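Chemist:
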């Protein structure tokens, strides 16, 4: 006989009241002849032990996989080519999560530099680095996953400053971002405690929801270039 999901399942990251409200509604609607089997199958569908994340970047997926594994969650990749809307970060995440479907994790990364409108335009920042050296910067990662007709958003934040490029590689702003309390850039050393991505994943695994927003299936506003 199949067992119910155990403590390592993703059930802990759900709104339990909402979960059982939805289960009750499903039982009333379907009226299964074998309720126990129905409940087990329903929970497995709603609370998978393995999630999917939308990325086509193999190196990024390895990092995601390692971090989710630390939380006891298996991870698979999917690659949905998404055109990003030009809107507030939470709306961008909601649109991505809606396009990818239920139980697929999506990510949006933002670098906010004091006195600069950088956003995702890291190349512009690199080209104009001289005027921003030493300024406070905030690295924010939002992760979204669509469930229960809503998109749950989880947040990770790391504060630091902009410095001259140090360290190898060409991974976004890693060479020019020095986390607060560190003497190294992210390109020189990137332990999980100074990774906004890790903090977002950890919050997701613990069910620490930053916000819930409605899905965005249709968009008639501007798009990112």
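Residue numbers (the working numbering): 280 to 504. For glycine and all other residues, C-beta sits at the position ideal for the given N, C-alpha and C. Since the structure is predicted, the reported quantities are computational estimates derived from the model, not experimental observations.
(1) Per DSSP, which one or two residues make a beta bridge with residue 426?
(2) Since residue 384 is in the beta strand (DSSP E), which residue starts that stretch and which ends it?
(3) Using only CA atoms, which one of 394, 364 and 396 lies nearest to residue 387?
(4) Please report how far the alpha carbon of residue 382 lies from the alpha carbon of residue 342, in whole angstroms.
(5) Locate the beta strand (DSSP E) running through residue 491, then write down its first and last residues.
(6) When the Cα atoms are used, what is the spatial distance from residue 335 to residue 301?
(7) Would you kindly work out how many angstroms separate the C-alpha atoms of residue 339 and residue 329, rounded to a whole number?
(8) If you scan the stretch 450-501 from start to end, which runs of the beta strand (DSSP E) of 3 or more residues do you find wholly inside it?
(9) Suppose contacts are defined by Cβ-Cβ distances below 8 Å. Is residue 427 in contact with residue 489 by that definition?
(10) Here's a check: name, in chain order, each residue in its chain whose Cβ is nearer than 6 Å to the Cβ of residue 423, leaving out the five neighbours to either side.
(11) Since residue 331 is in the beta strand (DSSP E), which residue starts that stretch and which ends it?
(12) Please identify the residue among 345, 315 and 374 whose C-alpha is closest to the C-alpha of residue 493.
(13) Grab the span of the alpha helix (DSSP H) containing residue 363 for me, first residue to last.
(14) Whose C-beta lies closer than 8 Å to the C-beta of residue 475 among residues of the same chain, with five residues either side of it excluded?
(15) Using the three-state DSSP reduction, which class does residue 312 fall into: helix, strand or coil?
(16) Which class does residue 504 belong to by DSSP, given the choice of helix, strand or coil?
(17) So, using beta-carbon positions, are residue 439 and residue 454 closer together than 8 Å?
(18) Do the CB positions of residue 468 and residue 450 come within less than 8 Å of each other?
(19) Out of curiosity, what's the CA-to-CA distance linking residue 485 and residue 315?
Modeler: Let me spell this out:
(1) Taking the first residue of the chain shown as 1, we reach residue 426 at position 147. Residue 426 is bridged by DSSP to 429.
(2) On the chain shown, position 105 is the one that residue 384 refers to. Start and end: 383-392.
(3) Numbered from its first residue, the chain shown carries residue 387 at position 108. Put simply, of 394, 364 and 396 the residue whose alpha carbon is nearest the alpha carbon of residue 387 is 364.
(4) Here residue 382 corresponds to residue number 103 of the chain shown, with the count starting at 1. Here residue 342 corresponds to residue number 63 of the chain shown, with the count starting at 1. Distance between the alpha carbons of residue 382 and residue 342 is about 19 Å.
(5) As a working note, residue 491 is residue 212 in the chain shown. Taken as a continuous stretch (DSSP letters only), the beta strand (DSSP E) holding residue 491 covers 490-492.
(6) Taking the chain shown and counting its residues from 1, one reaches residue 335 at position 56. Taking the chain shown and counting its residues from 1, one reaches residue 301 at position 22. If you take the alpha carbons of residue 335 and residue 301, they lie about 33 Å apart.
(7) Your numbering for residue 339 matches position 60 in the chain shown. Your numbering for residue 329 matches position 50 in the chain shown. Residue 339 and residue 329: Cα-Cα distance of roughly 18 Å.
(8) 456-458 and 490-492
(9) Walking along the chain shown from the start, residue 427 turns up at place 148. Walking along the chain shown from the start, residue 489 turns up at place 210. For the pair residue 427 and residue 489, the CB atoms are not nearer than the 8 Å cut-off.
(10) Residue numbering aside, residue 423 sits at position 144 when the chain shown is read from its first letter. Once the five neighbours on either side are set aside, the close Cβ partners of residue 423 are 372, 376, 385, 430 and 432.
(11) As a working note, residue 331 is residue 52 in the chain shown. Here the beta strand (DSSP E) through residue 331 covers 329-333.
(12) The count along the chain shown starts at 1 and reaches residue 493 at position 214. When each option's Cα is compared against that of residue 493, the closest is 374.
(13) Here residue 363 refers to the residue found at position 84 when the chain shown is read from its first residue. Counting along the chain, residue 363 falls outside any alpha helix (DSSP H), and DSSP gives it neither H nor E.
(14) On the chain shown, position 196 is the one that residue 475 refers to. The residues are 388, 418, 419, 420, 435, 436 and 437.
(15) Against the chain shown, residue 312 aligns to sequence position 33. Reduced to three states, the DSSP call for residue 312 is coil.
(16) The sequence position of residue 504 within the chain shown is 225, counting from 1. If DSSP states are grouped into helix, strand and coil, residue 504 belongs with coil.
(17) As a working mapping, residue 439 is identified with position 160 in the chain shown. As a working mapping, residue 454 is identified with position 175 in the chain shown. No, the pair does not count as a contact, with Cβ atoms beyond the cut-off.
(18) Taking the first residue of the chain shown as 1, we reach residue 468 at position 189. Taking the first residue of the chain shown as 1, we reach residue 450 at position 171. With contacts defined by Cβ atoms closer than 8 Å, residue 468 and residue 450 do not form a contacting pair.
(19) For the purposes of this step, residue 485 is taken as residue 206 along the chain shown, with counting starting at 1. For the purposes of this step, residue 315 is taken as residue 36 along the chain shown, with counting starting at 1. C-alpha separation (whole angstroms): 27 Å.
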